[in-house]
Amino acid sequence: MPQAWPNVEWTDARREQVRQLWEAGFTAGQIARRLDIGVTKNAIIGLVHRNGFVRPLSRKKPRKPTPTKKKRAAPKQPRPVAVHVTPPPPPPPPTPIGELTIDELQEHHCRWPTGDSPFRFCGDHRRDGSSYCDTHHRRGTHG
Ligand SMILES: [Zn+2]
61 MPQAWPNVEW TDARREQVRQ LWEAGFTAGQ IARRLDIGVT KNAIIGLVHR NGFVRPLSRK
121 KPRKPTPTKK KRAAPKQPRP VAVHVTPPPP PPPPTPIGEL TIDELQEHHC RWPTGDSPFR
181 FCGDHRRDGS SYCDTHHRRG THG
């Protein structure tokens, strides 16, 4: 007399449980025992196949990176001589206002002589229509 197929009620919860166990890597026999509802290993296998449960393939070990070719010993090179690069000298600071020489004096500079020796000029931005900056223009007209 053939063994009666156990009348298992495959509820969604049980099916889900089987799926999870199957995907976790349990064998059909282990799952059958775990469910403890009287199902056989074959019943589990049948369920797995009917529902198309698959074991994830992500258990594969990550591929080892392909070994790089043997490194050829680099030919010995003479040690590079440490070259001390001297940074370029900073640009000279702009001539401060009030100390422009006649050579440095430009069109837009105030020509008010500051009276130092050698002769220096104000050099501030001159006022429109005047040869001097605001300060010296006022001084020139009032003083
Ligand atoms: Zn000036």
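If you're matching positions, the sequence shown starts at 61 in the working numbering and goes up one per residue.
Ideal Cβ positions, reconstructed from N, Cα and C, are used throughout, including at glycine.
Is the beta carbon of residue i less than 8 angstroms from the beta carbon of residue j?
i	j	result
Val68	Ile97	yes
Arg180	Gly158	yes
Arg204	Leu95	Residue 204 lies beyond the range of the chain shown here (61 to 203); nothing can be said about it.
So what's residue i in DSSP terms, helix, strand or just coil?
i	result
Leu160	strand
His144	coil
Pro149	coil
His168	coil
Arg93	helix
So, for residue i: in the same chain, excluding its five sequence neighbours on each side, which residues have a beta-carbon less than 8 angstroms away from its beta-carbon?
i	result
His169	Leu160, Phe181, Cys182, Gly183, Asp184, His185, Arg186
Trp70	Leu107
Gly112	none
Cys193	Cys170, Trp172, Cys182, Asp184, His185, Arg186, Arg187
Near residue i, which residues of its chain fall below 7 angstroms by C-beta distance, leaving aside the five closest residues on each side in sequence?
i	result
Ile104	Val78, Ala88, Ile91, Ala92
Val143	none
Kindly indicate which residue of the options has the alpha-carbon position closest to the one of residue i.
i	options	result
Glu83	Asn102, Val99, His109, Thr100	His109
Glu167	Pro151, Asn111, Asp188, Thr174	Asp188
Gly85	Val114, Glu76, Arg74, Ala142	Val114
Pro156	Glu164, Pro149, Thr100	Glu164
Pro173	Gln80, Pro138, His196, Lys101	His196
Pro116	Gln80, Asp194, Pro149	Gln80
Could you check whether the Cβ of residue i sits closer than 7 angstroms to any heavy atom belonging to ligand 1?
i	result
Asp188	no
Asp184	yes
Thr195	yes
Hey, does residue i have any beta-carbon neighbour from chain D nearer than 8 angstroms?
i	result
Glu69	The structure shown contains no chain D, having only a single protein chain.
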